[in-house]
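*Asks:* Numbering follows the UniProt record's numbering, in which position 205 of the sequence shown is assigned residue number 205; successive positions increment by one, without gaps. Take this structure, written in structure tokens, and hold onto it; I'll ask about it next.
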Amino acid sequence: MMEDFLINKKNCLSHEEVENIKKIDFSSSPYEIKSPSSNEDLEDIGKELCDYPTSDDGGIIAMTGFYYQMMVSVHYLGEVFQGKWDGIFLDHHQDIVLFNNSKKVVKFIQVKTTNKNFSGYDSNISKKWIPKLFKSAYDIPKLNEFTLQFEIISNCFYSDGTNYKLSPFYSGDNKEFKKNLVLSTSSEEFKNMIHSTFKKLKYNSVDNFTRLKINKNRIFDLNKTLNQKIENYFENLKIKYLTPKELISQIKTTIPQVLGFENSQLSYSVINNIISEFFKACYNPKDPTIQLIAGESLNELKDYTKKQLTNDVTSAYHRMSDEKVLTEYFTYLDEMYSNSNKKLNVQFLQEFKSFADIYREDLENILSSSNLSMVDIINQYLKKDRYIEVNEAKRSTHFKNLLSLLLFLKISFPQKLEIEDKNRHILSFKLNDQTFLVFGNSEIDSLIDEIINEFKDSFIRLGNAEKLRIMSSNNIALIISGLFDDRDIDDSKKLERTELDFSTNVQNINEKLDDINTSNITNVQTDISILYSSQTRLESITRSKRDYTSIQVMKEKIRKELKLGGLTKNTEIEN
């Protein structure tokens, strides 16, 4: 083997040559073996390939054309959703075929693309495109019972020629088409196609004279029929000019309107997902039914599109709601810690506002990169279930308490705030290596022992996956937050690991746990610290703002009020 040969000859080589040989991938074909290139070399090669003009762009042109055709198909899918058509055929007989069985209408659509937006008259229009379009319908005898419509759609606008006028077909006014050379040229080409097919027919005649007589009679009848059909076909022919930009704009607005989402737009991701389904239907189909979007396949696409539009509406609502919640809270902060308040230390204000900006950025990143909304967070905080909503009238106070708690903890643990978005019940977030379980309460007369027992009961009901995510943390603290009776609280109290039901069976978890190495999980090894973040304690931190000469002084106040010194010794709190 070449690998052995080169290694055995290493004694004849310099040290540098030997090291270069070791870097070669011997699993490749000997004809492919070459010295490794540096990243800089690869970047230079890539730049050279980009800058050097190519002489072969046929593949790109073909893919661009097919993608445009798929977008046109999505455009007409909107009409199918609307009920105008029963179904749509993709790339079968023509680029697009639409049909309505009850109204007995079939529409044949030919899609043409070019690298130009405008062009003079193209002879292919009358010599190839229109004749082939007509022949698609003519070849199917059953369609004699149907009203036939024809359409050519292109990303290029073709102007009238000297003797050829396309403008009547663009405008839909086909009254003068009989005087148009487009008609005569297309008619002749179409007839030639039909006659060519006719000549291939074989008649079982007894002699040449009989065969000739039959042919003459049939040709006469054929020409008469063709003239009638051609006139009818031209009366129902339209040509459309649609730029990709206009096409996308129409798709984004018309399909949502058809499905009842008046103020929504279809996203690019949904459009591309529909196109991917169309591509699959057109890729080496075993039979034409795969290329037919009707019945079940149509309903699936319709349901998918509705679901995505619903999700977009929900997301938009949550984005507006999230922005409103954050704006209200940070406006409150600005008012409480304002430069206009001359009694506040200037250095402290600068440091505090810097922390507040970073904190808001953390929150915005959490909301944009996860499935969480502020409503989800407050639901988990108070209702212990993401999908049970807190009364809207009561949210404002609880948001202020929760967001202030998170801010004060971030000041104490100046690391990136992370909220666990996969858990559905107990609100969980991380700062440094410390995991906090935040258990909100809304009744001012609630006793602390009652709330702790409620937490234990809630923990028992957690699913295995959520338990495992909590169990995978080294340091856990339970924060009881909100409204409750905080008199006579034992700040040194911990929740012993034996008081919680950590029993779980990894094998019975249906959810995929990419973020947890389940093989290393046994039990939580340390007791759980309990912190108390009552509204009165949070207000005490804010009321003392005039005493803060720096953010460090505020940290000490936060640590004192929230008893952060009671956390596990392994947790590092920056001073």
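Every residue gets a Cβ at the ideal spot worked out from N, C-alpha and C, and that includes glycine.
Given a cut-off of 8 Å on the beta-carbon distance, is the pair Ile-88 and Val-111 in contact?
*Replies:* no
*Asks:* Mind pulling the beta strand (DSSP E) runs of 3 or more residues that sit fully within the segment 425-490?
*Replies:* Runs of the beta strand (DSSP E) lying entirely within the segment 425-490 and spanning at least 3 residues, in chain order: 427-431, 434-442 and 475-483.
*Asks:* Can you find a C-beta in chain B that's less than 8 Å from the C-beta of Ala-465?
*Replies:* As a matter of chain content, chain B is missing from the structure shown, which is built from one protein chain.
*Asks:* According to DSSP, is Tyr-359 helix, strand or coil?
*Replies:* helix
*Asks:* Could you pull out every residue in the same chain whose Cβ sits closer than 8 Å to the Cβ of Glu-443, ignoring the five residues on either side in sequence?
*Replies:* Leu-483 and Phe-484
*Asks:* Short of 7 Å in beta carbon distance, which residues of its chain neighbour Ile-388, apart from the five on each side in sequence? Order them along the chain.
*Replies:* Asn-379
*Asks:* Expressed to the nearest angstrom, what Euclidean distance is found between the alpha-carbon atoms of Gly-65 and Glu-466?
*Replies:* 49 Å
*Asks:* Can you tell me which of the three DSSP states Asn-520 falls into?
*Replies:* A caution first: Asn-520 carries a pLDDT of 45, below 50, which makes its placement in the model unreliable, though a value can still be read off. Asn-520: helix per DSSP, three-state reduction.
*Asks:* Enumerate in chain order the residues of its own chain whose CB-to-CB distance from Lys-343 is below 7 Å, with the five nearest sequence positions on each side excluded.
*Replies:* The answer, listed in chain order, is Arg-546.
*Asks:* Are the beta-carbon atoms of Tyr-241 and Tyr-170 separated by less than 8 Å?
*Replies:* The answer is yes: Cβ separation under 8 Å.
*Asks:* Do Ile-451 and Ile-480 have their beta-carbon atoms positioned less than 8 Å apart in this structure?
*Replies:* Yes, the pair counts as a contact, with Cβ atoms nearer than the cut-off.
*Asks:* Checking the sheet assignment: what are the DSSP bridge partners for His-92?
*Replies:* Gln-94.
*Asks:* Rounding to the nearest angstrom, what Cα-Cα distance links Lys-238 and Ser-249 in this structure?
*Replies:* Roughly 21 Å between the two C-alpha positions.
*Asks:* Return the first residue and the last residue of the beta strand (DSSP E) that Val-106 is part of.
*Replies:* Looking at the DSSP string, the run of the beta strand (DSSP E) that includes Val-106 is 105-112.
*Asks:* Looking at the structure shown, is Ser-269 part of a helix, part of a strand, or coil, going by DSSP?
*Replies:* helix
*Asks:* Report the rounded CA-to-CA distance for Tyr-52 versus Ser-119, giving the unit in angstroms.
*Replies:* 28 Å
*Asks:* Give the DSSP bridge partners of Gln-149, in chain order.
*Replies:* For Gln-149, which the question treats as bridged, DSSP gives the partners Lys-107.
*Asks:* Beta-carbon separation of Leu-405 and Ser-533 under 8 Å?
*Replies:* yes
*Asks:* For Leu-49, is the classification buried or exposed, using 16 other Cβ atoms within 10 angstroms of its Cβ as the cut-off for buried?
*Replies:* exposed
*Asks:* In this structure, what does DSSP give as the bridge partners for Asn-100?
*Replies:* Val-105
*Asks:* Opposite Ile-293 in the DSSP bridges: which residues?
*Replies:* Ile-88
*Asks:* Report the CB separation of Arg-537 from Leu-562 in whole angstroms; it is logged as a contact under 8 Å.
*Replies:* Indeed, because the Cβ distance is near 7 Å, the residues count as touching under 8 Å.
*Asks:* Based on the DSSP secondary-structure assignment, which residues constitute the bridge partners of Ile-530?
*Replies:* Beta-bridge analysis with DSSP links Ile-530 to Leu-478.
*Asks:* Considering just the uninterrupted stretch of the beta strand (DSSP E) at Ile-239, what are its terminal residues?
*Replies:* 237-241
*Asks:* Name the two residues that bound the continuous alpha helix (DSSP H) containing Ser-136.
*Replies:* 130-138
*Asks:* Whole angstroms is fine: what's the gap from Ser-519's alpha carbon to Tyr-329's?
*Replies:* In this prediction, Ser-519 scores a pLDDT of 47, lower than 50, which makes its location untrustworthy; the coordinate-derived value is nonetheless stated afterwards. For Ser-519 and Tyr-329, the distance between alpha carbons rounds to 42 Å.
*Asks:* Can you tell which of Tyr-68, Val-375 and Asn-391 has the C-alpha that lies nearest to the C-alpha of Glu-246?
*Replies:* Tyr-68
*Asks:* Between which residues of its own chain and Leu-301 is the CB-CB distance below 8 Å, once the five residues before and five after are set aside?
*Replies:* Leu-77, Ile-274, Glu-277 and Ile-293
*Asks:* Between Lys-142 and Lys-104, what straight-line distance do the alpha-carbon atoms span, to the nearest angstrom?
*Replies:* 11 Å
*Asks:* Let me make sure I understand the geometry here. Which of Asp-486, Tyr-317, Ser-369 and Ser-167 has the alpha-carbon closest to that of Ser-446?
*Replies:* Per the Cα distances, Asp-486.
*Asks:* For the alpha helix (DSSP H) containing Val-258, list its first residue and its last residue.
*Replies:* 244-258
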